[in-house]
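Everything on this sheet refers to the single structure shown next.
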Amino acid sequence: MNRAGIQFLATPNQFLVFQNVANFMVITISRKDVLQYDTFLFDADGVLWTGDYPVPCAIDFISNLLQLGKQVFILTNNSTKTIDQYMNKLSTIGFSKIKRDNVISPAIVLADYLKNNSKYDNQLVYLLGTENLKSTLELEGGVRCFGTGPDHLRDYTEHDFINSVDLSIIPKAVICSYDSHFSYPKLMKAANFLNQQGVEFLVTNEDYTFPGPVPGIIIPGSGCTSACLRAVSGRDPIVFGKPHEYMANYLKQRHHIDPTTTIMFGDRLDTDIKFANDNGFASCLMLTGVHSLEDSGQQIDPSGWQKQSHSSLLSTSENIYEITTHNFRPGEQCNYLDAFGKYKQELAQKLPSVELVGSWTVSYGRTRDQAIHLWRYNKGYKDVDKLVSKSIFYFINLVSRFNYLIERHFEFTCMILIQNCNLFKSQIFFRIVPLIKKMQSKILTPTEFSQLK
2 MNRAGIQFLA TPNQFLVFQN VANFMVITIS RKDVLQYDTF LFDADGVLWT
52 GDYPVPCAID FISNLLQLGK QVFILTNNST KTIDQYMNKL STIGFSKIKR
102 DNVISPAIVL ADYLKNNSKY DNQLVYLLGT ENLKSTLELE GGVRCFGTGP
152 DHLRDYTEHD FINSVDLSII PKAVICSYDS HFSYPKLMKA ANFLNQQGVE
202 FLVTNEDYTF PGPVPGIIIP GSGCTSACLR AVSGRDPIVF GKPHEYMANY
252 LKQRHHIDPT TTIMFGDRLD TDIKFANDNG FASCLMLTGV HSLEDSGQQI
302 DPSGWQKQSH SSLLSTSENI YEITTHNFRP GEQCNYLDAF GKYKQELAQK
352 LPSVELVGSW TVSYGRTRDQ AIHLWRYNKG YKDVDKLVSK SIFYFINLVS
402 RFNYLIERHF EFTCMILIQN CNLFKSQIFF RIVPLIKKMQ SKILTPTEFS
452 QLK
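Following the numbering used here, the numbering of the sequence shown begins with 2 at its first residue and continues without gaps.
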């Protein structure tokens, strides 16, 4: 099997995720075949980034696609941010080439629905959601929202039940999304509003959880809120996020994409992959987020499959090299290197195939100095994918007691993929020289950990 290969989930139209279906199968496809698609759809959290850290090699993969003239869209089910906030995040973590119109969330699709439905023009809607969603719906959808923010039981009664609710104002719709202030009074109001004639039930998305930066921690999503409201109201909502058709129709109508030449990359079977399969797109499960092949319900030995990731799409060799940088304050180099040495030791125990080849410090002589480390992943992208879960957060925790040393969070920047060891010197020189110029310094001092002196 080609090391650059990726795995597709090919399913019949009636395939139900998490159900053991006999004719469900996993097939492989080469990078050359992948690039025959014209439009590339990516989920965000868990596929392009986790928290504030880009998934290894995702930035390079997106850049390559754009250079080839491909259409690239980010389809997120997260409506807690405005598009301005998303664009700022994309720029901060390295996806600055993505255009504003190519970032699509359920909030954008829902706002389009409201704007193109005259009955909502300047009308009230009851919103179980965030202030950012409220801003998007009012600015782009032309409605007036109420209901955001805290709404506590103790503001209504000292007892355990509320026996009545104010129905003097009836909204045109109840809109349900992620709401960290979700409460019993809000549930009661929403259910009673939905009991009135003509009130629509609209939901941004129904993801039960968010992917988060801390392994093993469950972060409830908007699907929990809508599940409560579905149960108590007996109503079925219109859902605007993946896997439902409204987002797909928005792409087809507003951006004129052709489903037959479109591929969706996602980390969730119940939203991303189902979205692609239900709407005629090819689908690719990325094993960098929520779901794995085991979640498909099939008895598959995971050791027999390659890790599906952006690095596997880019890498054509066993070895991948990466340069990482850390900032520390002048005069604190010894303390920093002591902490880094402990990290290197721990990493060697957890991932012995990851090797530190080069390690240098650069002196600015002003407010900060910098350490530069060159790593070699001897098992290629398999090491890269393991590192994002084991290394980054461990290092942050390790140096937290030395937090006065670090001026910003650990910077994970994938800068180089080397095809073979014969290109080692020329490729490293090619990448290091621009890095030095950017830092306005020509002095790289090897540390005690460096194999390259």
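Note that CB positions come from ideal geometry on N, CA and C, so glycine has one too.
By the DSSP assignment, the alpha helix (DSSP H) with residue i in it spans what residues?
i	result
Asp279	Lys275 to Asp279
Leu338	Gln334 to Lys351
Val233	Ser223 to Ser234
Leu42	Counting along the chain, Leu42 falls outside any alpha helix (DSSP H), though it belongs to the beta strand (DSSP E) covering Thr40 to Phe43.
Gln86	Ile84 to Ile94
Ser64	Ala59 to Gln68
Tyr185	Tyr185 to Leu195
With H, G and I counted as helix, E and B as strand and the rest as coil, what does DSSP make of residue i?
i	result
Thr446	strand
Gln37	coil
Val110	helix
Leu252	helix
Lys426	With a pLDDT of only 34 at Lys426, under 50, the local geometry of the prediction cannot be trusted, and no value is derived from it.
Ser310	Low confidence applies to Ser310: its pLDDT is 42, below 50, so where it sits in the model is not reliable, and the reading given next is rough at best. Residue state, collapsed to three classes: coil.
Pro55	strand
Ile301	Interpretation of Ile301 is limited by its pLDDT of 30, a score under 50 that renders its predicted location unreliable; the figure taken from the coordinates is listed afterwards. Ile301: coil per DSSP, three-state reduction.
Thr81	coil
Glu207	coil
Asn328	strand
Ile393	For Ile393, the predicted model reports a pLDDT of 41, less than 50, meaning its position is unreliable; a value from the coordinates is still stated below. In this structure, Ile393 counts as helix in the three-state DSSP scheme.
Ser455	Nothing about residue 455 can be read from this structure; the chain reaches only from 2 to 454.
His167	The sequence given here has Asp at residue 167, not His. In this structure, Asp167 counts as coil in the three-state DSSP scheme.
Asp102	helix
Ser490	Nothing in the structure corresponds to residue 490, since the chain is present only between 2 and 454.
Asp259	coil
Asp152	coil
Asp384	helix
Leu115	helix
Leu453	coil
Check the DSSP bridge columns for residue i and list the partner residues they point to.
i	result
Val175	Tyr127 and Phe202
Cys146	Val126
His160	DSSP, once it has assigned bridges, lists no residue as partnering His160.
Glu323	Trp376
Asp46	Trp50
Ile220	Phe211
Residue i and residue j look like a contact to me (Cβ under 8 Å); what is the Cβ gap, rounded to whole Å?
i	j	result
Tyr109	Ile84	It is worth fixing the name first, because residue 109 is Ile in this sequence and not Tyr. Yes, Ile109 and Ile84 are in contact; Cβ-Cβ is about 7 Å, under 8 Å.
Glu141	Ala174	The pair is not a contact, with the Cβ atoms about 15 Å apart (cut-off 8 Å).
Ser360	Ser451	4 Å
Gln68	Asn133	That belief does not hold up - the Cβ atoms of Gln68 and Asn133 are roughly 32 Å apart, past 8 Å.
Asp44	Asp268	6 Å
Trp376	Thr325	7 Å
Val144	Leu168	That belief does not hold up - the Cβ atoms of Val144 and Leu168 are roughly 19 Å apart, past 8 Å.
Ile171	Leu203	Between Leu203 and Ile171 the Cβ distance is about 15 Å, and since that is not below 8 Å, they are no contact.
Thr262	Tyr38	6 Å
Ser184	His160	Between His160 and Ser184 the Cβ distance is about 15 Å, and since that is not below 8 Å, they are no contact.
Thr226	Cys177	5 Å
Lys82	Leu129	That pair is no contact at about 17 Å.
Pro55	Ile99	Not really, about 12 Å apart at Cβ, beyond 8 Å.
Ile105	Met248	7 Å
Asp46	Asn89	That pair is no contact at about 16 Å.
Quick one: give me the first and last residue of the beta strand (DSSP E) that residue i is part of.
i	result
Gln72	Gln72 to Leu76
Met265	Thr263 to Gly267
Val215	Unbroken run through Val215: none, as it is neither H nor E.
Arg377	Asp370 to Tyr378
Thr272	Run containing Thr272: none; DSSP gives neither H nor E here.
Gly242	Note, Gly242: premise wrong, no beta strand (DSSP E); not H, not E.
Leu357	Val355 to Val363
Would you say residue i reaches chain B, if we count a Cβ-Cβ gap shorter than 8 Å as a contact?
i	result
Ser64	No chain B appears in this structure, which consists of one protein chain only.
Is residue i near the ligand GTP, with its Cβ less than 7 Å from a heavy atom?
i	result
Gly332	The ligand GTP is not part of this structure, which contains no ligands at all.
Does the stretch 274-284 come within contact of the stretch 149-157, defined as at least 3 CB pairs closer than 8 Å? Counting Cβ pairs under 8 Å, fewer than three are found: no touch.
Is it the case that the stretch 35-44 contacts the stretch 254-271, given that we only count it when at least three CB pairs across the two stretches are under 8 Å? Cβ pair count under 8 Å is three or more, so yes.
Could you tell me whether the stretch 183-197 touches the stretch 230-237, where touching means 3 or more Cβ pairs closer than 8 Å? Output reads yes: the stretch 230-237 touches the stretch 183-197.
Does the count of Cβ pairs from the stretch 249-259 and the stretch 213-222 closer than 8 Å reach three? The stretch 249-259 is not in contact with the stretch 213-222.
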